[in-house]
Amino acid sequence: MHKRWTPGSIWGTSILLALTFSAVIAQETKAYTDTLDLTEYARDELFFMSQITRADSLPIFFAFHDSLWKPASGVLCVVETKKGRFEKTSDKNGEVVFWIPRKARRITGFKVYSCQPVKGEFPLTGSAGSESTNLGLIGSLTVFFKLFIAARNAPLYLSYGMPELEEDGIRVLYPSEFNKQAGQVLDAVLKGRKVIESELDMELKPVKVVLKQDTATFELHIGGGWWTTPEIDSSYVFGTIPHEWVESSLGSIYNVDGRWIGDGLANYAAFEIEKRYYPEGYSRLHRDDYPRYDPKKTYDLRTWKEAQIINLRGGRSVDVFGYLLAPYFWAKVVEKSGNPELIPRFLEECRTAENKSSDTAIAILSRLSGLDIEEEMVITGKEFRENVGRYWPEPQSSSVNKSEKE
629 MHKRWTPGSI
639 WGTSILLALT
649 FSAVIAQETK
659 AYTDTLDLTE
669 YARDELFFMS
679 QITRADSLPI
689 FFAFHDSLWK
699 PASGVLCVVE
709 TKKGRFEKTS
719 DKNGEVVFWI
729 PRKARRITGF
739 KVYSCQPVKG
749 EFPLTGSAGS
759 ESTNLGLIGS
769 LTVFFKLFIA
779 ARNAPLYLSY
789 GMPELEEDGI
799 RVLYPSEFNK
809 QAGQVLDAVL
819 KGRKVIESEL
829 DMELKPVKVV
839 LKQDTATFEL
849 HIGGGWWTTP
859 EIDSSYVFGT
869 IPHEWVESSL
879 GSIYNVDGRW
889 IGDGLANYAA
899 FEIEKRYYPE
909 GYSRLHRDDY
919 PRYDPKKTYD
929 LRTWKEAQII
939 NLRGGRSVDV
949 FGYLLAPYFW
959 AKVVEKSGNP
969 ELIPRFLEEC
979 RTAENKSSDT
989 AIAILSRLSG
999 LDIEEEMVIT
1009 GKEFRENVGR
1019 YWPEPQSSSV
1029 NKSEKE
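According to this note's numbering, the sequence shown is numbered sequentially starting from 629.
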């Protein structure tokens, strides 16, 4: 089965290519009174660019945002080279790009000035394809090194200066001939946002989706966003994008700890969206052959660890089955509590809590729900199979388990 490699994929088998960099810029709220020197940081990025592309000019791209993750416009950036000094300010989206001649890539200065505390990042992500969803340690390391080698000669795409559609914090950038498809993608993401607001009532970071004309075996993207082809992929716009949007917002805005929260709520939202617009997208919930599912096994979500390069799936206890088990846990807890506002209240208390640990989150959820959350996090495969359909009924068009039913 061919799948798109994307950082933090909902399948949990993607490699987060460590190509995203960020720098925190704290300044006085006075007009350009303080300076942050990012010279060495920018040099490192230019050197990396020079290793993966033979282009005559190399991009320095930065995206700035404030403490609420809103785009920070008007941030003054100054690049100095041996041939001159160049100034630009971030646009309404908080973005700025400089093109530096390859021969002048060892810049002599890169300084940033702002009138408010801002954060800046140089977003660089990679995507590729894989034939497997069940990689062991050796397989994971093999794929990682293959991707690392592929990055050296990968096509480089920049999401800047393209036509775009924007509404309510959602941007869709596209080649000019794909205006219709861009509108369809925007409509799909807006639908997803309404469901997220209804189910989670959480704050979300601005999101960018970029349409590109072709697909390479491996490619690199500068400028952030989620990249896709103009052909609408329902599983991508109703599943992957909402998952990543929720998960990244939980990490950045709420700073929650625990994969059962981040990936759990992200897939909870994605499944709710798919239930309304693309039920086939969550058909894997009803697959008896899903990796690591065992009706006789008992799973403990507290042991589901964050994915790492040497352990992409988060441990042997829960493994990739956590992507199905954790959203089921949330649906079960909301139902048992009888409080449809449980998740929003939980997230708000987590955001203001001084201690952001998973244990703190469990204590908060226990108090708000009136349940023993540690007990609820221990789930058997039998319980899951018997009850998951109460929240996400098996799609009528699905053929999973067909032989057993016949």
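For each residue, glycine too, the CB sits at the ideal point set by N, CA and C.
Every value quoted in this text rests on a predicted model; they were computed, and no experiment measured them.
If you check the beta carbons only, do residue i and residue j fall under 8 angstroms apart?
| i | j | result |
| --- | --- | --- |
| Asp719 | Ser742 | no |
| Pro751 | Gly851 | yes |
| Leu975 | Val962 | no |
| Leu832 | Pro972 | no |
| Ala666 | Val740 | The question names Ala, yet the displayed sequence has Leu at residue 666. Yes; because the gap between Cβ atoms is below 8 angstroms, this pair is in contact. |
| His693 | Gly722 | yes |
| Glu749 | Ala691 | yes |
| Gly892 | Pro955 | yes |
| Glu902 | Gly909 | yes |
| Ala989 | Gly886 | yes |
| Ile1007 | Tyr927 | yes |
| Val884 | Val813 | no |
| Glu1004 | Lys960 | yes |
| Ser965 | Ser997 | yes |
| Ser877 | Met830 | yes |
Note the first and the last residue of the continuous alpha helix (DSSP H) segment covering residue i.
| i | result |
| --- | --- |
| Cys978 | Leu970 to Thr980 |
| His871 | Ile869 to Ser877 |
| Asp987 | Ser986 to Ser997 |
| Glu1004 | Ile1001 to Glu1004 |
Measure the C-alpha to C-alpha separation of residue i and residue j and round it to an integer number of angstroms.
| i | j | result |
| --- | --- | --- |
| Phe689 | Ser880 | 20 angstroms |
| Arg799 | Lys925 | 43 angstroms |
| Lys716 | Val707 | 9 angstroms |
| Trp888 | Tyr882 | 14 angstroms |
| Lys1010 | Ile824 | 29 angstroms |
| Lys836 | Lys819 | 15 angstroms |
| Asn939 | Val948 | Legend: pLDDT at Asn939 = 48, less than 50; position of this residue unreliable, value from coordinates given subsequently. Asn939 and Val948: Cα-Cα distance of roughly 11 angstroms. |
| Tyr1019 | Leu929 | 19 angstroms |
| Asn1036 | Ser755 | Here the chain has residues from 629 to 1034 only, and residue 1036 is not among them. |
| Thr681 | Leu784 | 7 angstroms |
| Gln809 | Arg912 | 27 angstroms |
| Pro907 | Asp684 | 47 angstroms |
| Leu644 | Gln744 | Its pLDDT being 34, under 50, Leu644 is placed unreliably in this model, and the value from its coordinates should be taken loosely. Each residue's alpha carbon lies about 31 angstroms from the other. |
| Pro919 | Met677 | 38 angstroms |
| Asp607 | Gln1024 | Absent from the structure is residue 607, since the part of the chain shown begins at 629 and ends at 1034. |
| Lys984 | Phe806 | 43 angstroms |
| Leu786 | Asp842 | 14 angstroms |
| Ala981 | Trp854 | 31 angstroms |
| Ala651 | Val746 | Confidence is the limiting factor: at Ala651 the pLDDT is only 46, short of 50, which leaves the residue's position unreliable and the question unanswerable from this model. |
| Lys711 | Glu668 | 18 angstroms |
| Lys822 | Glu872 | 16 angstroms |
| Arg734 | Val725 | 17 angstroms |
| Ala991 | Thr709 | 54 angstroms |
| Thr753 | Glu859 | 21 angstroms |
| Trp958 | Phe846 | 35 angstroms |
| Glu656 | Gly811 | Interpretation of Glu656 is limited by its pLDDT of 37, a score under 50 that renders its predicted location unreliable; no figure is taken from the coordinates. |
| Asp917 | Pro1021 | 18 angstroms |
| Pro802 | Met790 | Note that residue 802 is Tyr in the sequence shown, not Pro. Between Tyr802 and Met790, the C-alpha separation is close to 6 angstroms. |
| Pro699 | Glu794 | 13 angstroms |
| Tyr674 | Thr857 | Checking the sequence, you will find Leu at residue 674 rather than Tyr. Spanning the two alpha carbons is a distance of roughly 28 angstroms. |
With DSSP as the reference, identify every bridge partner of residue i, one or two as the case may be.
| i | result |
| --- | --- |
| Pro834 | Beta-bridge pairing links Pro834 to no other residue. |
| His849 | Thr753 and Tyr785 |
| Pro699 | His693 |
| Leu839 | Thr856 |
| Cys705 | Lys716 and Val740 |
| Pro791 | According to DSSP, which records beta bridges pairwise, Pro791 is partnered with nothing at all. |
| Glu723 | Ala691 |
| Asp665 | Lys739 |
| Ile728 | Leu686 |
| Thr681 | Answer is none; Thr681 lacks a bridge partner. |
| Ile1007 | Tyr927 |
I'd like the span of the beta strand (DSSP E) that includes residue i, first residue to last.
| i | result |
| --- | --- |
| Trp1075 | Here the chain comprises residues numbered 629 to 1034, so residue 1075 is not present and cannot be evaluated. |
| Arg799 | Ile798 to Leu801 |
| Arg713 | Gly712 to Thr717 |
| Tyr1035 | The first residue shown for the chain is 629 and the last is 1034, placing residue 1035 beyond what the model contains. |
By DSSP, does residue i sit in helix, in strand, or in coil?
| i | result |
| --- | --- |
| Ile688 | strand |
| Leu644 | Confidence at Leu644 is low in this model, with a pLDDT of 34, below 50, so its placement is unreliable and the value that follows should be read with caution. Note: Leu644 maps to coil in three-state DSSP. |
| Tyr882 | helix |
| Glu1022 | coil |
| Ile937 | A caution first: Ile937 carries a pLDDT of 45, below 50, which makes its placement in the model too unreliable to give a value. |
| Asp815 | helix |
| Trp958 | helix |
| Val946 | coil |
| Asn967 | coil |
| Thr931 | helix |
| Arg1013 | helix |
| Phe806 | helix |
| Pro672 | The identity of residue 672 in the sequence shown is Asp, whereas the question assumes Pro. Three-state DSSP puts Asp672 in a helix. |
| Arg821 | helix |
| Leu952 | helix |
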